[in-house]
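Here the protein sequences come in this chain order: S and E. Each residue of the first sequence is one higher than the one before, counting from 17 in this note's numbering. Each residue of the second sequence is one higher than the one before, counting from 42 in this note's numbering. Written out below as structure tokens is the structure these notes cover.
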Amino acid sequence: MVFALRTASVVAFLLLWEWAARVPISFNFPSPGATLTALIALVRSGALLSATVTSLQSLLLGFGGAVVVGVPLGLVMGVVRPVGRVARVYLDLLIALPTAALIPLVILSFGINIASSAVIVFVFSAPFVTMNAYGGVRDVRPRLVEMAQAFDASWGQLVTRIVLPSALPMVMAGLRYGLSRAFVGLIVAELLLSPFGLGRLIMMSRSMFEHDRMFATVLWTLLLAGAALTALARLEARLLRWRA
Amino acid sequence: MTNGRRTFVLALIALVLFGAGPRPAAAAEELTLLATVTRVVNLPMIVGLRLLEKEDGVKVTVKDLRTPEAVMLAVIDGQGQIGTGFAPFYPAIEKGASVKGVLELSRPEFVVMAKKEIASVKGLHGVRLASHSPKATVQSLLEFYLKSQPGVTPNVVFIPEGSPARAEALLRGAVDAAAFDLTAAQVVNDRAPGKFHILVDFTDQPVSSSSLVVNGNFARSKPELVQKLVRRMLQSYREGARDPKFWVRERGETLKEIDGAKLESQLRALVKIFDLNGGLDRMRGPGAIENLSFQVAIGNLTGPLSKWKPETFFDTAPLEAALKDIGKR
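This is the structure we're talking about:
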């Protein structure tokens, strides 16, 4: 049933896309076939792979930083309540921040290099990773904590045996959300900050009105993001097997 | 008379008065121009549009979009009848877009400015040079120029935020050189006198930097309006070239935040890039071929050059008609 529904939705999407290209809904709107052909040509030429390697560097740097900083910070915020109350205000502001507006500031502060792009990816993803980790700790069932305390559990045991396992589902959800935001940040940075990697390919195809190549690059980015999110979902299922 | 009747009579009187009163004259014609964010270099064009409004009663709306590609797409789709056409104008036509260039808005307004320590073009090799984006006009000019400078390969970094952002990057030391427009060069000189200098000047290149692009359907249905538009543009260019104060005076609310004297000095520096004959020589004949050969050389058009005819890109009829009326310079 699920498989049939998925297949039907994909077919419906492709039909709609084909219709949009035949009308066409805008100048030079590419069909799914033209996009696929362009994608194959881009992969064969090596342009797409080298752009992907460049983009993944800033993604790994930025999202890696968001995980390394965001998860522990979120956990500390949850465990040490005063820290949580103070830091939450800043996180709320960061989430509401129109991040694209930061770009000129980032250029001036970090220069025009991969670090700048990684900073944008970090700013896009870190608040969500942190907030979810924080929320995970806040959602730990008080009765579990009380029970552990009744059994004389130490503070360390309380954190490792009760708080962390309980917060893990939310932490993992935060990582998935943060990763999808990281991809958004990556493309924003590469389009607005300084065109390189996949953003540069998109920009060049757009400038030349090669919309099939542009769509192919966007599709490739979606596939990459989809693959990364699936991998993370698998890891999540593995780590949370105990819940089943 | 009851209240109901009184209200009815009053409403009737109001209706009669409204119906009999003079009606505002409907604007005879309307035009929407799509452009990238307004800069000093666009002012003569804006003044031309204001003349069209004032003298010919055409209602003009100017809408800014972020990128030249977006402008081109919107003109192709008819969301605006006219637009400013930069580098993406050429590949758009190659892909079958129904648009035509009817007037050259400007020749290149760009220069490469570098730190004083970089004494010559050879010194650009290996240094960080800020440019706009991979297929922007300024980058195309830079690539074209560097082909004539063997062994000079700067480390080009793209800052697609416009000339002011590149000027800021140069001033802050984020890059060693930058390609931007003449007005940004003036700003750099004002803010850091003696620290930077112009290494390459693209303003004498015999190519069009931007053109006034018209939607094909619109050009066919309203040829007389296109001609009026071209004529007012020429009027603005000619009067402003004689005295740039004219552009400052007639700018209306455009660039009101810039001091008049400063604006006038920036415009005075730019006068040389505005052709008083609307760039006719680069839209037909050998000049047009040279113009197109530049686009082929930088990859905006596929080769060979022989497959391109100027009339595929430019419609010179409105400009020629306007020049016939007001005379060539």
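Beta carbons are placed, not taken as given, at the ideal position from N, Cα and C, and that holds for glycine.
Query                                                                                                                            : Result
Leu-170(E) beta carbon less than 8 Å from that of Ser-252(E)                                                                     : no
Assigned secondary structure, Val-241(E) (DSSP; H/G/I helix, E/B strand, else coil)                                              : strand
CB of Thr-79(E) within 8 Å of CB of Leu-296(E), strictly                                                                         : yes
Beta-carbon contacts of Gly-320(E) that lie in its chain and below 6 Å, excluding the five residues immediately before and after : Glu-145 and Ser-249
Listed by chain order, chain S residues near Glu-110(E) by CB distance under 7 Å                                                 : Arg-222 and Ser-223
Own chain partners of Val-162(E) with C-beta closer than 7 Å, once the 5 adjacent residues on each side are dropped              : Gln-190, Val-193, Leu-240 and Val-241
Where Met-188(S) meets chain E, residues with beta-carbon distance less than 7 Å                                                 : Here the premise fails: no neighbours, minimum Cβ distance about 36 Å.
Contact belief for Val-135(S) with Gly-78(S) at Cβ below 8 Å, rounded distance in angstroms                                      : 7 Å
Leu-187(E) at chain S interface by Cβ criterion, 8 Å                                                                             : no
Close-in-space but distant-in-sequence residues of the same chain around Lys-176(E) (CB under 6 Å, 5 per side omitted)           : Ala-128
Complete alpha helix (DSSP H) runs within the segment 95 to 125 of chain E (minimum length 4 residues, chain order)              : 109 to 117
Three-way DSSP call (helix, strand, coil) for Gly-235(E) in this model                                                           : coil
Chain S within 8 Å of Glu-291(E), Cβ atoms only                                                                                  : no
Residues that Ser-42(S) contacts on chain E, provided the C-beta gap is smaller than 9 Å                                         : Leu-114, Ile-117 and Asp-118
Under 9 Å (Cβ pairs) to chain E, residues found in the segment 195 to 214 of chain S                                             : Leu-207, Leu-208, Leu-209, Ser-210, Pro-211 and Phe-212
Minimum Cβ-Cβ distance from Glu-202(E) to chain S less than 8 Å                                                                  : yes
CA-to-CA distance, Met-113(E) to Val-337(E), given in whole angstroms                                                            : 19 Å
Beta-carbon proximity check, Ala-220(E) vs Leu-275(E), cutoff 8 Å                                                                : no
7 Å Cβ shell around Ser-71(S) - same chain, five flanking residues per side excluded                                             : Leu-202, Glu-206, Gly-213 and Leu-214
One or two residues paired with Ser-252(E) in a DSSP bridge                                                                      : Gly-126(E) and Glu-145(E)
Through-space distance from Pro-132(E) to Thr-343(E), alpha-carbon basis                                                         : 8 Å
Asp-228(S), DSSP secondary structure in three states                                                                             : helix
Reference Val-88(E), options Leu-187(E), Ala-282(E), Met-154(E) and Gly-328(E), closest by Cα                                    : Ala-282(E)
Minimum Cβ-Cβ distance from Leu-208(E) to chain S less than 8 Å                                                                  : First, the residue type needs correcting, since residue 208(E) is Ala and not Leu in the sequence shown. Not closer than 8 Å to any Cβ of chain S, the Cβ of Ala-208(E) fails to qualify, so no.
Any non-hydrogen atom of the ligand GDP within 7 Å of Val-27(S) CB                                                               : For the structure depicted, the ligand GDP is absent and the ligand set is empty, with no information on it obtainable.
Cα-Cα separation, Gly-194(S) to Val-139(S)                                                                                       : 10 Å
Host alpha helix (DSSP H) of Met-163(S) (start-end)                                                                              : 158 to 166
Element boundaries [alpha helix (DSSP H), containing Ser-347(E)]                                                                 : Here Ser-347(E) belongs to no alpha helix (DSSP H), and DSSP marks it neither H nor E.
Alpha helix (DSSP H) runs wholly inside the segment 42 to 80 of chain S, at least 4 long, in chain order                         : 48 to 61
Sub-8 Å separation of Leu-333(E) and Pro-345(E) beta-carbons                                                                     : no
Buried/exposed call for Lys-236(E), threshold 16 Cβ in 10 Å                                                                      : exposed
C-alpha distance - Ile-367(E) paired with Arg-272(E), whole-angstrom precision                                                   : 8 Å
Under 8 Å by beta carbon: chain E residues contacting Pro-120(S)                                                                 : Glu-202, Ala-206 and Glu-209
Given 8 Å, three or more beta-carbon pairs between the segment 198 to 213 of chain E and the segment 226 to 236 of chain E       : yes
Entirely enclosed beta strand (DSSP E) segments - the segment 133 to 205 of chain E, minimum 3 residues                          : 140 to 147, 151 to 156, 169 to 172 and 196 to 199
Integer Cβ distance of Thr-233(S) from Leu-64(S), believed to fall under 8 Å                                                     : 7 Å
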